[in-house]
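Let me begin by presenting the structure, written as structure tokens, before commenting on it.
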Amino acid sequence: MTTAFTDRTALSTAAYVDERPLETRRAIYDYRRPRLDLVGEVVHRLRDIPAGVVADVGCGSGAYTKALRAARADLDVLAVDLSSGMVGVAGQPGFVADAMTLPLADDSCSAVLALHMLYHVPDPAAAVAEYGRVLRADGSCLIIGNGPGDKVEFNEVWSRATREVTGRDEVGIFGPHILHFGGMEKLAGEVFPTVERIEYFGRTVVPDPGPVIAFIDSTRHLNSAPAFDAVRDRAAEIVTDIVAREGAFTFSNHLGMIRAMPC
Ligand SMILES: C[S@@+](CC[C@H](N)C(=O)[O-])C[C@H]1O[C@@H](n2cnc3c(N)ncnc32)[C@H](O)[C@@H]1O
């Protein structure tokens, strides 16, 4: 089922037409406890990959692409994304492509990165099969996704606001059908003989409603709910009340990083 979250035209021309909504969402993690340098973690986890080509598929604004380029001069890190705007921000070398049909030769990559992106792909199994096809026998595929407990407090606020404004039940700010890292791990296991997982837990404590409301607003083009503006306004009131009462809006973080290898 295609939703706003997996509609490739909408993703490339609206939700990710430029880097601003993504950067707004990334900024909220400045309030995460404990602090997590996830970009540094990814670079660290890839320290043993062989020199060669790395495809950062769904590179977005290139936070990981650029860090890996800076850390490893022996890698050609390709910025690959559905959105030409994002490829432009992540910088060359790079190109526009769909994860499900990568224009890369078999066995050509030292690593493939699929970081916070598989949940957007209409057929994630096809994308993981592509990652397996392009990966060298001594390469690694790194996947990051969220767990089902991630941002449940956002989902509660969004569901309550939707119910109050539209009378409809809505499950979660991004809709009910998100692929979590458990599902990504299962798909990786169908392609790769070796699959390892690390989980990261935390809480993000935001003492001001502003970044939370900006986060919610940034989901406009990822959200299939009707009456987005009215629901967003009601959600903003709920968040403002919570911050006034509790001193902060606190939400849960749960991530999984999966490393999958052909050997
Ligand atoms: C949440 S962002 C993640 C960006 C980056 N990997 C990061 O973690 O900062 C998801 C990115 O995946 C891209 N994307 C979504 N579906 C895709 C697909 N089928 N093929 C390639 N890229 C896709 C989007 O355009 C967007 O830039």
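Count along the sequence shown from 1, add 1137, and you get the number used in the numbering used here. Even for Gly, the Cβ is constructed at its ideal location relative to N, Cα and C.
Residue i, buried or exposed, once every other Cβ within 10 Å from all chains shown has been counted against 16
i, result
"residue 1308", "exposed"
"residue 1305", "exposed"
"residue 1181", "exposed"
"residue 1156", "buried"
"residue 1254", "buried"
"residue 1335", "exposed"
"residue 1139", "exposed"
"residue 1333", "exposed"
Cβ-Cβ distance between residue i and residue j below 7 Å
i, j, result
"residue 1158", "residue 1355", "yes"
"residue 1189", "residue 1218", "no"
"residue 1298", "residue 1372", "yes"
"residue 1208", "residue 1249", "no"
"residue 1257", "residue 1148", "yes"
"residue 1083", "residue 1321", "Nothing in the structure corresponds to residue 1083, since the chain is present only between 1138 and 1400."
"residue 1286", "residue 1391", "yes"
"residue 1198", "residue 1154", "no"
Assumed close pair residue i, residue j - CB separation to whole angstroms, cut-off 8 Å
i, j, result
"residue 1161", "residue 1352", "6 Å"
"residue 1230", "residue 1252", "About 18 Å separates the two Cβ atoms, so there is no contact after all."
"residue 1289", "residue 1375", "Actually they are not in contact, since the Cβ atoms of residue 1289 and residue 1375 sit about 15 Å apart, beyond 8 Å."
Suppose only complete runs of 4+ residues qualify. What are the alpha helix (DSSP H) ranges in the region 1333-1373, listed by chain order? If we require 4 residues or more, the alpha helix (DSSP H) runs fully inside the region 1333-1373 come out as 1346-1355.
Could you pull out every unbroken alpha helix (DSSP H) segment of at least 4 residues lying fully inside the region 1167-1217, listed in chain order? Counting whole runs of 4 or more residues, the region 1167-1217 contains the alpha helix (DSSP H) stretches 1175-1182, 1200-1208.
If we count Cβ pairs, one from each stretch, closer than 8 Å, do we get three or more for the region 1228-1238 versus the region 1262-1278? Touching, yes, given that three or more Cβ pairs across the two stretches are closer than 8 Å.
Segment contact, 8 Å Cβ cut-off, at least three pairs: the region 1336-1346 with the region 1158-1170: By the Cβ rule, the region 1336-1346 counts as touching the region 1158-1170, because three or more pairs are nearer than 8 Å.
Three or more C-beta pairs below 8 Å linking the region 1267-1276 and the region 1241-1250: The count of Cβ pairs closer than 8 Å, one atom from the region 1267-1276 and one from the region 1241-1250, reaches three, so the stretches are in contact.
Taking only runs that begin and end inside the region 1246-1326, name each unbroken alpha helix (DSSP H) of 4 or more residues, in chain order. Entirely contained in the region 1246-1326, the alpha helix (DSSP H) runs reaching 4 residues are, in chain order, 1261-1271, 1289-1303.
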